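Per UniProt numbering, the sequence shown runs over residues 1 to 947.
C-beta atoms are modelled at their ideal positions from N, C-alpha and C, and glycine is treated no differently.
These figures come from a predicted structure and were not determined experimentally.
Everything below concerns the one structure shown next.
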Amino acid sequence: MKSTAEYLETPEQAAEQALALLRQAGGLTAAAVWGRIGMAWQRLACLGAADTLPEADALGNGRLPGPDGGALALRAADKTLGWLVWRGQAPAWTAGVASLLAGHLHCAMLRAEQAAARVANETMLEISLLAGESATPERMLPRLHRLMSRLMDASNFYIALYDEDSATLRFPFYLDTRDPAPPDADSVFPLNGANASLAAWLIRGGKPMVLSAERILEVCRQQGLAHPAQLPAFWMGAPMVNVGGALIGAVVLQLYEDQTPFTSAEQLLFMFAARHVGFALDRVLYRGQLERQVWLRTSELEGANARLRAEVSSRKRAEKFQDVLFRIAELSNTSLSLEAFLSGLHRLLNEMVAARNCLVALYDTVNDRISFPYCSDEYSPPLQPRKPGKGFIEQVLHSGRPLLVDPSSALPGQMGDDGGVNPKSWLGVPLYCGHELLGVLAVQSYESDVTYNFRDQEVLEFVANNIGAALARVRALEGLQQAYAELEQRVRERTGELDAVNAQLEFDSLHDPLTKLPNRTYFAKALRRAWDEYTDGGDRFAVVFIDLDRFKLVNDTLGHLAGDHLLFEAGARIRSCLRHYDFLARLGGDEFAVLMFGMDSVDECEVIARRIVSEFERPVILAGREVFSTSSVGVVLADREHYHKADDLLRDADHAMYCTKQQGRQGYTLFSHQLRIDQADQLALESELRRALEEEGQLVPYYQPFIEAKTGKLVGFETLVRWLHPQRGLISPGIFLPMAEESGLITRLDRYMINAACAQLQAWRSQGQVGEEIALHINLSSANFHDPDLVRWIGERIAHYQLPPAMLHLEITESALIDQPETAATVMQALHGLGVKLALDDFGTGYSALSYLHRYRFDVLKIDQSFVFDLDHKEESAAIVRAILALARALDLDVVAEGVETASQLAMLQEMGCGKLQGFYFAAPAPEWGIDWARLARFEQEIRCAA
1 MKSTAEYLET
11 PEQAAEQALA
21 LLRQAGGLTA
31 AAVWGRIGMA
41 WQRLACLGAA
51 DTLPEADALG
61 NGRLPGPDGG
71 ALALRAADKT
81 LGWLVWRGQA
91 PAWTAGVASL
101 LAGHLHCAML
111 RAEQAAARVA
121 NETMLEISLL
131 AGESATPERM
141 LPRLHRLMSR
151 LMDASNFYIA
161 LYDEDSATLR
171 FPFYLDTRDP
181 APPDADSVFP
191 LNGANASLAA
201 WLIRGGKPMV
211 LSAERILEVC
221 RQQGLAHPAQ
231 LPAFWMGAPM
241 VNVGGALIGA
251 VVLQLYEDQT
261 PFTSAEQLLF
271 MFAARHVGFA
281 LDRVLYRGQL
291 ERQVWLRTSE
301 LEGANARLRA
311 EVSSRKRAEK
321 FQDVLFRIAE
331 LSNTSLSLEA
341 FLSGLHRLLN
351 EMVAARNCLV
361 ALYDTVNDRI
371 SFPYCSDEYS
381 PPLQPRKPGK
391 GFIEQVLHSG
401 RPLLVDPSSA
411 LPGQMGDDGG
421 VNPKSWLGVP
431 LYCGHELLGV
441 LAVQSYESDV
451 TYNFRDQEVL
461 EFVANNIGAA
471 LARVRALEGL
481 QQAYAELEQR
491 VRERTGELDA
501 VNAQLEFDSL
511 HDPLTKLPNR
521 TYFAKALRRA
531 WDEYTDGGDR
541 FAVVFIDLDR
551 FKLVNDTLGH
561 LAGDHLLFEA
571 GARIRSCLRH
581 YDFLARLGGD
591 EFAVLMFGMD
601 SVDECEVIAR
611 RIVSEFERPV
621 ILAGREVFST
631 SSVGVVLADR
641 EHYHKADDLL
651 RDADHAMYCT
661 KQQGRQGYTL
671 FSHQLRIDQA
681 DQLALESELR
691 RALEEEGQLV
701 PYYQPFIEAK
711 TGKLVGFETL
721 VRWLHPQRGL
731 ISPGIFLPMA
741 EESGLITRLD
751 RYMINAACAQ
761 LQAWRSQGQV
771 GEEIALHINL
781 SSANFHDPDL
791 VRWIGERIAH
801 YQLPPAMLHL
811 EITESALIDQ
821 PETAATVMQA
831 LHGLGVKLAL
841 DDFGTGYSAL
851 SYLHRYRFDV
861 LKIDQSFVFD
871 LDHKEESAAI
881 VRAILALARA
891 LDLDVVAEGV
901 ETASQLAMLQ
911 EMGCGKLQGF
921 YFAAPAPEWG
931 IDWARLARFE
941 QEIRCAA
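Written out as structure tokens, the structure reads:
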């Protein structure tokens, strides 16, 4: 069954038919049908006094025709497409008629949209095809304008092209019905600056814009743009981009007051068309640019071809010239007579110069006569020897320079004294043997069309040189042989010097300039070569990574020259531990590496590793003092099962060396599968430590008390971190603290512990457990000295927990002072300014502890437990402790002895006058809930009773 829309041709006819049906039913005095055509309402049909009925806009706003009338909205797809309005009594099926009318209007709207879409698609296709049909933008743009006119009113249309290199615009197509002075297609306009155009502003923004007249004036005022010559009522522009997304220009449409504004659909269609225009125009511009490049390249090639042809011609002439000269040279080295030699020379000369008439004149200085050993002239008879006269030959002999005579020359002298015919052109050059003038070689022409030039003069001069050499070949032969011998000797010397320089350059590029050992580049090549041979079935090998312990300390304290001596000595010692075919290299700094060939087992590797470690136990004499620099060694054995690249061997050897340093240095580590697992586990542990720092309860502060030696009174605690992992259990600080140092988490960990310890101290004070005389010691890593916010943060924590600053003691190790002395001094001074106390931890174990006491301001010295441990066994330890206590008393410093574990150690330290004691004898480190306060109180009673 067909719909009404298929029987009726237009919405107007459908409306007329509907009103006719309603009129037949009777009862209506007036009726009208309104339909939306585009953006405007149009009355499609009317009945009776329809002018008295409300219009569509009024109906949409809720106005009705009155109590005796009615109106129905013609809706489809949730849109109001029209209205049926009447006055009078409408039949009951009026709603059905309205529904049919709505369906017809919907079909008409769909047909109109489909037709518009078809036109738009065809237009887009034709715009895309323009790029292939138009050779230049000038031919493309008018056709593009005609296509845009299909879609919308394009009577005022222009395109701006953007040159990114010069930041300028030009308008290759500009059509405006009212602009009195449109821009020229070749004129350029700046993109930036004052009085730029709206198109320039659009391109700078990179987004499409739709502006009214008021908005145009506002934008021009705000952005400092030039006002349009004729202000449009409606301005619409879109940037054009190429396929790469780069801006290439803009396309603009504008309307004036007497033109219908663009609908939203037309605006969207314009933005869509602008992309197609940009792509098509970009292809044309690219093709034009490509054609220009091809033309330029073609021009260059044509010029190069012309130069090449000229060069080929010149080379052919040069080859011919060289061939003739070579034959002349061969002729000069023969044993022919002088006359035969000169006759052959004339034949060869005739191939390069018009030398039909040629003569050779020799001057005898002893007899003052000119002889002619060779003369070939078509008009002159053979010349006889004679005295010098005033001819051309005499002029050459007198000046010693070439002479060129042609009809335009005004030179005196002629050949008439020999009775011959005067030539039209004459050319003569002197003959020399060394610096001795022998005679003249001359050619002459009797024809007016044959004249000589300076190129002929050059050829003749070269030939003359060969004639002079031939005349003196006997005298020159010995000198030539001697010259050849000297030249060969110089060549041999220079070749030897060049080979030596090249060898030295190659050596320097592959060797360390200090130790003369192979460098990292050379080692990498050797390692890859050894790996390739091993994977092809060759011998197994091992990689050894060696690092000098505390080399930086030697370098910083004794100077770089001493450090260089240490590196040189280290290379020599390592070399002495190896076999002659092992490969030793310095990778850089204090790092060395060794390729040990023919290694089939770990035991063989261990033998050499132990040998290297023991070799560094001997001292090195630097700057007149003994210096001990131990070595940390890592060893990895090549294995096809676990390795696929040579570089991985060096990486694992480095990791094994690092494990040696973690274990206390001065040793070696063999890389194993367990280490590989530990390496992965360490990465996981670092991630878990980061989470632990963000949570509560995993990182727990443990406290170990300080006891006053005389009274046994509790005087303080040292805060120690412990990690209670939810899965791994209690993790030793020796495992996670080095990892925290390496990963940079140590500063966060220190802050975590300082905050937790301060909170606990504040809690103890509020509970009455401790008083202000209690000192809380917390370790501070050297990494914190790089934190510019450290001092402010500590001050804020002290204020937050309302603690006396003197209760807080920060323990600093000697390594922090070695690593960054200047920064440490600045931070320590600022901490003292807060009132915080500073303690030097592990005193007596470093190289320069006494200098630090002199340079830095400390409040407390902590005697390292290594001295306390042997206090009751070794007199040396007792002497060191007494010396430290005497030094502390002289400097007015408090002293804490660490590691007190026995009663005898306690008694000796009391007898020596040590102020404070710490160790397992009193209490092991424990969390705050595990501190035995009663036990600590008993110590005070026991020591008082013992006293």
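Taken in chain order, the whole beta strand (DSSP E) runs of length 3 or more contained in the region 209-291 are 209-212, 234-241 and 247-255. Take PRO788, set aside five residues on each side of it, and no residue of its chain has a beta-carbon closer than 6 Å to its own. When rounded, the separation of the alpha-carbon atoms in ILE612 and ALA623 is 24 Å. In the DSSP assignment, SER425 is bridged to SER445. The beta carbon of PHE867 sits closer than 7 Å to the beta carbons of GLY844, SER877, ILE880 and VAL881 from its chain, once the five residues preceding and following it are set aside; these are given in chain order.
CA-CA distance, GLU694 to GLU822, rounds to 32 Å.
Contact between ALA25 and PRO91 holds, since their C-beta atoms are separated by about 4 Å, short of 8 Å. Counting only residues of its own chain and dropping the five nearest sequence neighbours on each side, VAL450 has a CB closer than 7 Å to the CB of ALA354 and SER425.
Judged by DSSP secondary structure, GLN42 falls within the beta strand (DSSP E) whose first and last residues are 40-48. Around the C-beta of CYS758, 16 or more other C-beta atoms lie within 10 Å, and the residue is accordingly described as buried. DSSP places TYR162 in the strand class (E or B) of the three-state scheme. Short of 8 Å from the beta carbon of GLU378, and not among the five residues preceding or following it, lie these beta carbons of its own chain, in chain order: ARG356, ASN357 and TYR446. When only Cα atoms are considered, ALA95 and PRO65 end up about 17 Å apart.
Note that the region 235-254 touches the region 203-212; at least 3 beta-carbon pairs, one per stretch, sit closer than 8 Å. A residue is called buried when at least 16 other Cβ atoms come within 10 angstroms of its Cβ; SER782 meets this threshold and is buried. Judged by DSSP secondary structure, ARG528 falls within the alpha helix (DSSP H) whose first and last residues are 520-535.
Closest by C-alpha distance to PRO385, out of THR521, ALA200, LEU191 and ARG369, is ARG369. CA-CA distance, PHE372 to SER299, rounds to 56 Å. Per DSSP, reduced to three states, the secondary structure at GLU378 is coil, with no helix or strand assignment. A Cβ-Cβ separation of about 7 Å places ARG204 in contact with LEU191 under the 8 Å criterion. For ALA30 and GLY88, the gap between their C-alpha atoms comes out near 7 Å. Taken in chain order, the complete beta strand (DSSP E) segments of 3 residues or longer contained in the region 634-714 are 667-670 and 699-708.
In the three-state reduction of the DSSP assignment, VAL721 falls in the strand class, which pools E and B.
Rounded to whole angstroms, the gap between the alpha carbons of VAL827 and LEU808 is 16 Å. Its chain contains ASP590 as the residues whose beta carbon lies nearer than 6 Å to that of PHE551, once the 5 sequence neighbours on both sides are disregarded; these appear in chain order. Excluding five sequence positions before and after GLU493, none of the CB atoms of its chain fall closer than 8 Å to its own CB. For the pair of segments examined, the region 717-736 was found not to touch the region 664-671: the number of CB pairs separated by less than 8 Å stays below three. In the assembly as shown, HIS276 is a buried residue. Its beta-carbon has 16 or more other beta-carbons within 10 Å. For ILE370, the three-state secondary structure derived from DSSP is strand. Ranking LEU553, SER631, CYS605 and VAL607 by CA distance to the CA of PHE616 puts SER631 first. CA-CA distance, LEU871 to TYR856, rounds to 28 Å. Contact between TYR668 and ALA593 is ruled out by a C-beta separation of about 14 Å, above the 8 Å threshold.
Each residue's CA atom was taken as its position, placing GLN489 and ALA524 some 41 Å apart. Counting along the chain, TRP201 sits inside the alpha helix (DSSP H) bounded by residues 198-205. Collapsing the DSSP output to three states places PRO172 in a strand. Ranked by Cα distance from ALA937, the options LEU714, MET908 and PRO228 are led by LEU714.
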